[in-house]
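A short write-up of the structure that comes next.
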Amino acid sequence: MTAAAALLAAAGLAALTACSPIQPWVKPYEREHLADPIMSFSRDPVSTNYSEHVFESREGARGATGTVGGGCGCN
Amino acid sequence: MKFASRCLFLLPLAFAPALATSIGELRTGTPAPQFQLTSSSGKPLSLTELKGRIVLVNFWASWCGPCRKEMPLLEQLNRQYRSKGVTLVGVDVEPDSTAAIDWLKATPVSFPILFDVDSKVSKLYQVEGMPNTVILDRQGNVRYIHRGYNTGAENEYLDQIRALIRE
Amino acid sequence: MHGRRNYTRLVALAGLLLGCAQAGVLPDDRADILYHHYNGGGMNIQGPSILVRKKIGDHVSLAGNYYVDNITGHVDTISGASVDAISGASTYHEKRTQESLSIDVLQGKTTYSAGYISGNEPDYRARTAFASVSEDMFGDLTTISFGFTRGWDKVGERGTTRNDPLERRNWQLSLAQVLTRNLLLGLNYETSESEGFLNNPYRLVRFISCSAPNARGYCTQPEQYPHTRTGNAGSGQLKYYLPWHAALEGHYRIYSDTWGIVAHTMELGYTQPVFRSWTIDGHARYYRQNHADFYSDLFPYQDAQNFLARDRELATFKSLTLGLGASWEFHPTRWTWLQKGTMNLRWDRLKIKYDDYREDWLNGLLPGTEPLYTLNANILQFFISGWF
Numbered sequence: 001m002t003a004a005a006a007l008l009a010a011a012g013l014a015a016l017t018a019c020s021p022i023q024p025w026v027k028p029y030e031r032e033h034l035a036d037p038i039m040s041f042s043r044d045p046v047s048t049n050y051s052e053h054v055f056e057s058r059e060g061a062r063g064a065t066g067t068v069g070g071g072c073g074c075n
Numbered sequence: 001m002k003f004a005s006r007c008l009f010l011l012p013l014a015f016a017p018a019l020a021t022s023i024g025e026l027r028t029g030t031p032a033p034q035f036q037l038t039s040s041s042g043k044p045l046s047l048t049e050l051k052g053r054i055v056l057v058n059f060w061a062s063w064c065g066p067c068r069k070e071m072p073l074l075e076q077l078n079r080q081y082r083s084k085g086v087t088l089v090g091v092d093v094e095p096d097s098t099a100a101i102d103w104l105k106a107t108p109v110s111f112p113i114l115f116d117v118d119s120k121v122s123k124l125y126q127v128e129g130m131p132n133t134v135i136l137d138r139q140g141n142v143r144y145i146h147r148g149y150n151t152g153a154e155n156e157y158l159d160q161i162r163a164l165i166r167e
Numbered sequence: 001m002h003g004r005r006n007y008t009r010l011v012a013l014a015g016l017l018l019g020c021a022q023a024g025v026l027p028d029d030r031a032d033i034l035y036h037h038y039n040g041g042g043m044n045i046q047g048p049s050i051l052v053r054k055k056i057g058d059h060v061s062l063a064g065n066y067y068v069d070n071i072t073g074h075v076d077t078i079s080g081a082s083v084d085a086i087s088g089a090s091t092y093h094e095k096r097t098q099e100s101l102s103i104d105v106l107q108g109k110t111t112y113s114a115g116y117i118s119g120n121e122p123d124y125r126a127r128t129a130f131a132s133v134s135e136d137m138f139g140d141l142t143t144i145s146f147g148f149t150r151g152w153d154k155v156g157e158r159g160t161t162r163n164d165p166l167e168r169r170n171w172q173l174s175l176a177q178v179l180t181r182n183l184l185l186g187l188n189y190e191t192s193e194s195e196g197f198l199n200n201p202y203r204l205v206r207f208i209s210c211s212a213p214n215a216r217g218y219c220t221q222p223e224q225y226p227h228t229r230t231g232n233a234g235s236g237q238l239k240y241y242l243p244w245h246a247a248l249e250g251h252y253r254i255y256s257d258t259w260g261i262v263a264h265t266m267e268l269g270y271t272q273p274v275f276r277s278w279t280i281d282g283h284a285r286y287y288r289q290n291h292a293d294f295y296s297d298l299f300p301y302q303d304a305q306n307f308l309a310r311d312r313e314l315a316t317f318k319s320l321t322l323g324l325g326a327s328w329e330f331h332p333t334r335w336t337w338l339q340k341g342t343m344n345l346r347w348d349r350l351k352i353k354y355d356d357y358r359e360d361w362l363n364g365l366l367p368g369t370e371p372l373y374t375l376n377a378n379i380l381q382f383f384i385s386g387w388f
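Residue numbers (our numbering), protein chains in the order written: chain A, 1 to 75; chain B, 1 to 167; chain C, 1 to 388.
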């Protein structure tokens, strides 16, 4: 996908919020559970980054993990 | 939707621990919505009792980092200005007060903490971010609304309280 | 090794979900020291990873990472394959170091991030720059991020003057969405483009029907890869808060590229706090892919195709990883500058079953009849984290 298309999509969504009638259905004072550290997608980034590196250097697939590829001559 | 919220009416006294007036938009210069909640001492506290004093209502939760960070500073403010006609009220927005009570045991404060377990007051005051601080004048009008906490916000509270004291 | 960017986003999202402040929230200040240890398939890789993150004022957060892989491998001298230690295999040692620095700037509901990663090995030099923008909307229920990564690598070869370039360009688009008080959704899309010297200068492919076969009956030639590779990956994850104070996570990713590889990843995770200060994590990951178009374990003759590969990474295989983690939280009263700390141990068992990669280092077998290879590896992580 091109950078321009993605940027347009993001900008479009941002513009949508300005005139959106949608009220947040989860209020800030209702986010107790979501705020719990166990609900984080990555509680310990140092560990998540390492695990992703272990898999990426042994598999053909890469990307869409949330980490940035640093490049390496691994394997 | 905003118009739907305007259709809410006075709830019968016998029902909820919180009394609600009609929910309009929370605007500065308008009378603050009335409420009554059970406090940490076990006794109910109503906003009407505090008329004649400058009131700072702080909505917080034990799971909210910036809220916890702000508390000691609010405690300082309370100790300084309690004798000058300012009352600080903390409203814990959690449905389960256990975590808040535990936290208060470790970090006690000298101002009343009210428990908004049904989130009625949070809705009334349209809490859109945490923490949320609303400052009311002696006549019970909303004068300042603070959403969130940034380092140094307590100085803004002080300036605003001093201005209200001088009125 | 991978630096930070979108996990900054996801970590920041966790902060955002606190609903604290009208604007977004930067990640917590913390420091982590990790010791990692991988053992399997004839390789032993261990080393530290140190991650430090610190806010400057209310709007800026800096993070730095130092990572080392100390590699000890065993290579079969004939096939060049990485093997379990057997007689006739030669041992090699290598060290890979990676340093990264990143910055996050928060302005209202928007977070701007940028960073730089530098990786060095004796025969490989990697330089990566990345930047991204993230925006909260719909009452902080939604976060959209867009990022770009650019890499410049130099591929070398021990004993030669090889210094071939490899350029990388990745685009990422992410959405994080609060669905209910107990349910989170994450969607990711990433396109990756690579151009340049994409193969490994040491790796060989094997073929039969040659004039001078080796002791095992086949000949070898260097692998030949295309000069470009474009891949697309899309993933989704859900995280659910269970009423007894636990979390369940499911994740799925699909990947497909111009080399013909299609891969599926499925993960399931369970997190359970126990007693007062312990947290237990269980994790299962299933991965499968089909081989690249130009991959073969054994080619029929020399130069059988324009492109030739025998890299395990491009083979057809299924992989299962099972992991267990334990974390202990402590609040030292003696050091007031430390808000909280954790000690963590994580063990993962990785098993990869190859459908078309054979144990070509075995003697006395007809080429193409060797048993299919299965990799078993143990991965250990021990780390201490501090929040200040």
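Note that beta-carbon positions come from the ideal geometry of N, C-alpha and C, so glycine has one too.
Note that this is a predicted model, so its numbers are computed, not measured.
Completely contained alpha helix (DSSP H) runs for the segment 19-70 of chain A, where each covers 4 or more residues: Secondary structure remark: continuous alpha helix (DSSP H) runs of at least 4 residues inside the segment 19-70 of chain A, in chain order: 32-35 and 45-56.
Minimum length 4: unbroken alpha helix (DSSP H) runs contained in the segment 126-157 of chain C: Qualifying alpha helix (DSSP H) stretches: none in this window.
Minimum Cβ-Cβ distance from residue 29(C) to chain B less than 8 angstroms: No - not a single Cβ of chain B is within 8 angstroms of the one on residue 29(C).
For residue 65(B), the first and last residue of its enclosing beta strand (DSSP E): Note, residue 65(B): premise wrong, no beta strand (DSSP E); alpha helix (DSSP H) at 65-81.
Cα-Cα separation between residue 63(C) and residue 371(C), rounded to whole angstroms: Taking the straight line joining both Cα atoms gives about 47 angstroms.
Beta-bridge partners of residue 193(C), as assigned by DSSP: According to DSSP, which records beta bridges pairwise, residue 193(C) is partnered with 169(C) and 230(C).
Within 8 angstroms, strictly: CB atoms of residue 151(C) and residue 168(C): Contact flag set, yes.
Test: residue 104(C) CB closer than 8 angstroms to a CB of chain B: Residue contact with chain B for residue 104(C): absent (no Cβ-Cβ distance below 8 angstroms to any residue of chain B).
Residue 197(C) versus residue 235(C): straight-line alpha-carbon distance, rounded: In a straight line, the C-alpha of residue 197(C) is about 28 angstroms away from that of residue 235(C).
Residues that DSSP places opposite residue 97(B) in a beta bridge: Checking the DSSP bridge columns, you'll see residue 97(B) has no partner listed.
Residue range of the unbroken beta strand (DSSP E) whose run includes residue 62(C): Here the beta strand (DSSP E) through residue 62(C) covers 60-76.
Residues within the segment 42-67 of chain C neighbouring chain B, beta-carbon criterion of under 8 angstroms: Under the 8 angstroms Cβ criterion, the segment 42-67 of chain C contributes 57 and 58.
Within-8 angstroms CB hit, residue 112(C) to chain A: Interface annotation, residue 112(C): not in contact with chain A, CB-CB separation never under 8 angstroms.
Residue 292(C): first and last residue of the uninterrupted alpha helix (DSSP H) it sits in: Here residue 292(C) belongs to no alpha helix (DSSP H), and DSSP marks it neither H nor E.
Helix, strand or coil at residue 177(C) according to DSSP, with G and I counted as helix: Strand at residue 177(C).
C-alpha gap between residue 116(C) and residue 44(A), whole angstroms: Inter-residue distance for residue 116(C) and residue 44(A) is about 20 angstroms (C-alpha atoms, whole angstroms).
Neighbour flag for residue 70(B) against chain A, beta carbons, 8 angstroms: It does not; no Cβ of chain A falls within 8 angstroms.
Chain A contact for residue 36(C) (CB, 8 angstroms cutoff): So, interface residue.
CB contact check: residue 22(C) to chain B, cutoff 8 angstroms: Confidence at residue 22(C) is low in this model, with a pLDDT of 39, below 50, so its placement is unreliable and the value that follows should be read with caution. Interface with chain B (8 angstroms Cβ-Cβ cutoff): residue 22(C) is included.
Local Cβ density within 10 Å of residue 303(C), reported as buried at 16 or more and exposed below that: Residue burial annotation: residue 303(C) is exposed, with fewer than 16 other C-beta atoms found within 10 angstroms of its C-beta.
Residue 72(A) (DSSP reduced to helix, strand or coil): The answer is coil: DSSP assigns residue 72(A) none of H, G, I, E or B.
Expected contact under 8 angstroms - CB spacing of residue 109(B) and residue 85(B) to nearest Å: Under the criterion of beta carbons closer than 8 angstroms, residue 109(B) and residue 85(B) do not qualify as touching, at roughly 19 angstroms.
8 angstroms Cβ cutoff met for residue 380(C) and residue 328(C): Contact check for residue 380(C) against residue 328(C) fails: the beta carbons are separated by 8 angstroms or more.
Euclidean distance between Cα positions of residue 34(C) and residue 159(C): When rounded, the distance between both Cα atoms is 34 angstroms.
Nearest-angstrom beta carbon gap, residue 70(C) and residue 100(C) [assumed within contact, 8 angstroms]: Actually they are not in contact, since the Cβ atoms of residue 100(C) and residue 70(C) sit about 18 angstroms apart, beyond 8 angstroms.
Coarse secondary structure for residue 352(C), derived from DSSP in three states: Reduced to three states, the DSSP call for residue 352(C) is strand.
Residue 102(B) (DSSP reduced to helix, strand or coil): In the structure shown, residue 102(B) sits in a helix (DSSP, three-state: H, G or I).
Contact set between the segment 87-110 of chain B and chain A, restricted to residues whose Cβ is under 7 angstroms from the partner: So the close ones are 93 and 94.
9 angstroms Cβ cut-off: residues of chain A touching residue 96(C): Among the residues of chain A, those whose CB is under 9 angstroms from the CB of residue 96(C) are 72, 73 and 74, following chain order.
8 angstroms Cβ cutoff, residue 155(B) in contact with chain C: Chain C has no Cβ within less than 8 angstroms of the Cβ of residue 155(B).
Backbone secondary structure at residue 159(B) - three-state DSSP: The answer is helix: DSSP assigns residue 159(B) an H, G or I state.
Beta-carbon separation (whole angstroms), residue 39(B) vs residue 95(B), contact threshold 8 angstroms: No, residue 39(B) and residue 95(B) are not in contact; Cβ-Cβ is about 17 angstroms, not under 8 angstroms.
Beta-carbon spacing of residue 32(A), residue 63(B) below 8 angstroms: A contact, by the Cβ cut-off of 8 angstroms.
Amino acids of chain B, ordered along the chain, whose beta-carbon sits closer than 7 angstroms to that of residue 28(A): The answer, in chain order, is 127, 128, 129 and 130.
Euclidean distance between Cα positions of residue 112(C) and residue 150(B): Taking C-alpha positions only, residue 112(C) is separated from residue 150(B) by approximately 19 angstroms.
Among 281(C), 229(C), 145(C) and 252(C), the one whose alpha carbon lies nearest that of residue 258(C): Looking from the CA of residue 258(C), the closest CA among 281(C), 229(C), 145(C) and 252(C) belongs to 229(C).
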